[in-house]
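In this note's numbering, the protein residues as written are 3 to 133.
Here it is, written out as structure tokens:
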């Protein structure tokens, strides 16, 4: 899952740097949405958007309630997520490579960031942050 990407300094305006235990929520940008719109019927997209809003809202609420010390980060407009591990190693994820309409990545500063199932977020958080 780890993707190392070389980029110029000018590209850092679209990057979010994560240096703490975190759950990072992202959604498809406008370019990705255009691809999705070509692949799905309008009512399917509306349903998927509704599902994303519900899952994201619910997952954030669960993490805020039970995820002690886990920072909830929203990444609207970001292309890159730069995760800084305790040992100083950096893992960069290009959100344009993600295929989902929305999602969440968990990060504990030890392991690489990991995608999580928002419908099962309490279990996912418990498992990932005890590794």
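Cβ atoms here follow ideal geometry from the backbone N, Cα and C, with glycine treated the same way.
Given the structure is predicted, the values throughout are model-derived calculations rather than measurements.
Sub-8 Å separation of residue i and residue j beta-carbons
{"i": "residue 81", "j": "residue 111", "result": "no"}
{"i": "residue 92", "j": "residue 86", "result": "yes"}
{"i": "residue 75", "j": "residue 123", "result": "no"}
{"i": "residue 117", "j": "residue 109", "result": "no"}
Exposed unless 16 or more other CB atoms sit within 10 angstroms - verdict on residue i
{"i": "residue 61", "result": "buried"}
{"i": "residue 151", "result": "In the structure displayed, the chain extends from 3 to 133; residue 151 sits before or after that span and is not available."}
{"i": "residue 90", "result": "exposed"}
{"i": "residue 16", "result": "exposed"}
{"i": "residue 46", "result": "exposed"}
{"i": "residue 133", "result": "exposed"}
{"i": "residue 6", "result": "Per-residue confidence for residue 6 stands at a pLDDT of 48, beneath the threshold of 50, marking its modelled position as unreliable; the derived number appears in the next sentence. Result: exposed."}
{"i": "residue 78", "result": "exposed"}
{"i": "residue 71", "result": "exposed"}
{"i": "residue 37", "result": "exposed"}
{"i": "residue 121", "result": "exposed"}
Whole-Å CB distance - residue i paired with residue j, under 8 Å assumed
{"i": "residue 43", "j": "residue 103", "result": "At roughly 14 Å, the Cβ-Cβ gap does not stay under 8 Å, so residue 43 and residue 103 are not in contact."}
{"i": "residue 98", "j": "residue 34", "result": "7 Å"}
{"i": "residue 100", "j": "residue 28", "result": "7 Å"}
{"i": "residue 131", "j": "residue 23", "result": "7 Å"}
Candidates the options: closest to residue i by CA position
{"i": "residue 53", "options": "133, 109 and 119", "result": "119"}
{"i": "residue 50", "options": "105, 64, 25 and 66", "result": "105"}
{"i": "residue 26", "options": "107, 65 and 59", "result": "107"}
heavy atom of the ligand GTP below 7 Å from residue i C-beta
{"i": "residue 86", "result": "This structure lacks the ligand GTP, and indeed carries no ligand of any kind."}
Those runs of the beta strand (DSSP E) which lie wholly inside the stretch 19 to 98 and span at least 3 residues: DSSP runs (the beta strand (DSSP E)) wholly in the stretch 19 to 98: 24 to 29, 73 to 76, 82 to 86 and 92 to 96.
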